[in-house]
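Remember, the working numbering sits 357 above the position in the sequence shown when you count from 1. The structure appears right after this line, and notes come after that.
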Amino acid sequence: MITFPLSLSADWQSTAQVTGLSNAEKEWLFEPHSLTAKLKSQSQRFAVKVLSEQKVDLSQSQQTLLSEQVSTVLNREVLLLCDEQPIVYAQSWLPVTSNNTNNQLHNMGERPLGDVIFQDPALRRTDIEIARFDDNHPLQSLVSELNLPNRSLLGRRSVFSLHNYKFLVCEVFLPGAYLYS
Numbered sequence: 358m359i360t361f362p363l364s365l366s367a368d369w370q371s372t373a374q375v376t377g378l379s380n381a382e383k384e385w386l387f388e389p390h391s392l393t394a395k396l397k398s399q400s401q402r403f404a405v406k407v408l409s410e411q412k413v414d415l416s417q418s419q420q421t422l423l424s425e426q427v428s429t430v431l432n433r434e435v436l437l438l439c440d441e442q443p444i445v446y447a448q449s450w451l452p453v454t455s456n457n458t459n460n461q462l463h464n465m466g467e468r469p470l471g472d473v474i475f476q477d478p479a480l481r482r483t484d485i486e487i488a489r490f491d492d493n494h495p496l497q498s499l500v501s502e503l504n505l506p507n508r509s510l511l512g513r514r515s516v517f518s519l520h521n522y523k524f525l526v527c528e529v530f531l532p533g534a535y536l537y538s
């Protein structure tokens with residue numbers, strides 16, 4: 358039985374530090390626009406499956422990334438499915454604020470976050486960081502539960518800001534994702 362949220366602790370590296378990636382891996386990992394839109398363009402049927410949504414406290418490193426005084430966030434964990442196959446595991450950390458200015462992001466249901474945030478011209482994104490998740494990483498429990506082959510995984514994360522509201526998004530490409538082919 359998997360306990361959510363899953364740990365995404367890893368050796369996150371800036372673009373300049375990352376080496377040894379294939380052209381396909383670079384194309385997917387450094388996609389500057391909506392990953393949701395890119396996945397939709399590669400499949401007949403795209404869907405989001407919500408695994409968990411819960412309020413959690415940010416780790417110290419997450420607080421540093423968001424450079425905010427906010428410590429409680431809504432942690433949302435989803436699978437992005439292309440033609441019914443799980444392709445991406447994603448987590449977002451959406452700060453809980455007293456004024457609820459970004460309530461729509463806290464009530465996404467099975468709508469992809471990318472469909473909402475990339476529609477707003479005010480959206481800004483920090484540089485993308487990359488991590489490798491080896492065969493022993495806790496993420497492998499999800500891979501096993503999904504009956505996918507165990508393999509080293511690649512992920513990316515970045516901080517977005519939307520009208521002074523900062524949030525963190527991490528996407529991990531599961532076995533069978535397009536970037537591995």
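The beta carbon of each residue, even a glycine, is placed where N, CA and C say it ideally should be.
Legend entry - Endpoints, alpha helix (DSSP H) assigned at THR429: Taken as a continuous stretch (DSSP letters only), THR429 belongs to no alpha helix (DSSP H), being part of the beta strand (DSSP E) at 429 to 439.
Legend entry - Reduced DSSP secondary structure (H/G/I, E/B, other) of ILE359: Three-state result, ILE359: coil.
Inset, instruction - Starting from TRP369, follow the beta strand (DSSP E) in both directions and report where the run begins and ends. - result: It is not in any beta strand (DSSP E) - TRP369 carries neither H nor E in the DSSP assignment.
Legend entry - Rounded C-alpha distance that separates HIS390 from GLU410: Computed Cα separation, rounded: 25 Å.
Inset, instruction - Could you check which residue in VAL529, LEU510, PHE403 has the C-alpha nearest to that of ASN493? - result: LEU510
Legend entry - Continuous alpha helix (DSSP H) stretch holding GLY471: start and end: 470 to 474
Legend entry - For LEU378, the three-state DSSP class (helix, strand or coil): coil
Legend entry - Where VAL526 falls: helix, strand or coil (DSSP): The answer is strand: DSSP assigns VAL526 an E or B state.
Inset, instruction - Specify the secondary structure class of ALA394 as computed by DSSP and reduced to three states. - result: helix
Inset, instruction - Note the first and the last residue of the continuous alpha helix (DSSP H) segment covering SER498. - result: Start and end: 496 to 502.
Legend entry - Expected contact under 8 Å - CB spacing of GLY471 and LEU392 to nearest Å: Yes, GLY471 and LEU392 are in contact; Cβ-Cβ is about 6 Å, under 8 Å.
Legend entry - Close beta carbons around ILE487, own chain, < 6 Å, minus the five adjacent residues each side: GLN370, VAL375, LEU386, ARG513
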